[in-house]
Amino acid sequence: MSADAAAVVAGSSASRPSVTARPRRTLARITNDPLHRAKGNTPEGRRVRDLYRAFAATLGDPGDPGTQAQVLTAAQLVAAAEVARTGLLEGRGDLDQVIRLENLSARALRRLGLNGKRAAPSDFSRLLGELP
């Protein structure tokens, strides 16, 4: 193989390291720390951080930026839906907005496979039958 051909092979996408194998200084800040935009000095920001960490742990702490972005979006939508729901229950807010945010957050969780499917009613009746 000539030197030129070896250089082409060395520069091909197959021989380059993946995104997670790159040194951290070459990645975007949001990739290195997905939570740097979530302000920890507000209750909503802390809730987004808590949800992000819980969702990411459930998914096995994904390192790829695409999944991190989806997890962050899901955490932000769930937190926004919670704030909107609380406002509605306190007598302020818009029911349509709450419904939209709840639906968006449910779709984001379903996209990640975190929709938390409930047990069928027959499972509950079986479990109740096993109680002493």
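Numbered per the working numbering, the sequence shown spans residues 190 to 321.
Quick reminder that beta carbons are idealized off the backbone N, C-alpha and C, glycines included.
Taking 7 Å as the limit between beta carbons, can you name the residues of its chain near Asn229, skipping five residues before and five after?
Here residue 229 corresponds to residue number 40 of the sequence shown, with the count starting at 1. The sequence shown places Gly at residue 229, not Asn. These residues qualify, in order along the chain: Arg235 and Arg238.
Give me, in chain order, the residues of the same chain whose beta-carbon lies closer than 6 Å to that of Arg205; leave out the 5 immediate sequence neighbours on both sides.
The residue you call residue 205 lines up with position 16 of the sequence shown. In this prediction, Arg205 has a pLDDT of 48, which is less than 50 and means its spatial position is unreliable; what the coordinates show is noted afterwards. Excluding residues within five positions, none has a Cβ falling inside 6 Å.
Can you tell me the Cβ-Cβ gap for Leu290 and Leu266, rounded? I've got them flagged as a contact below 8 Å.
In the sequence shown, counting from the first residue as 1, residue 290 sits at position 101. In the sequence shown, counting from the first residue as 1, residue 266 sits at position 77. Confirmed, about 7 Å.
If you drop the 5 nearest sequence neighbours on each side, which residues of the same chain put their C-beta closer than 7 Å to that of Leu277?
Numbered from its first residue, the sequence shown carries residue 277 at position 88. Answer for Leu277: Leu284 and Val287, listed in chain order.
For Ala264 and Leu293, I'd like the C-alpha separation in whole angstroms.
By one-based count along the sequence shown, residue 264 stands at place 75. By one-based count along the sequence shown, residue 293 stands at place 104. Approximately 11 Å between the Cα atoms of the pair.
Evaluate Ala268 with the Cβ neighbour count: other Cβ atoms within 10 Å of its Cβ, from every protein chain shown; 16 or more gives buried, anything less gives exposed.
Start at 1 with the first residue of the sequence shown, and residue 268 comes out as number 79. It is buried - the Cβ of Ala268 has at least 16 other Cβ atoms within 10 Å.
Taking the straight line between their C-alpha atoms, what separation do you get for Thr256 and Glu279?
By one-based count along the sequence shown, residue 256 stands at place 67. By one-based count along the sequence shown, residue 279 stands at place 90. So the two alpha carbons sit approximately 35 Å from each other.
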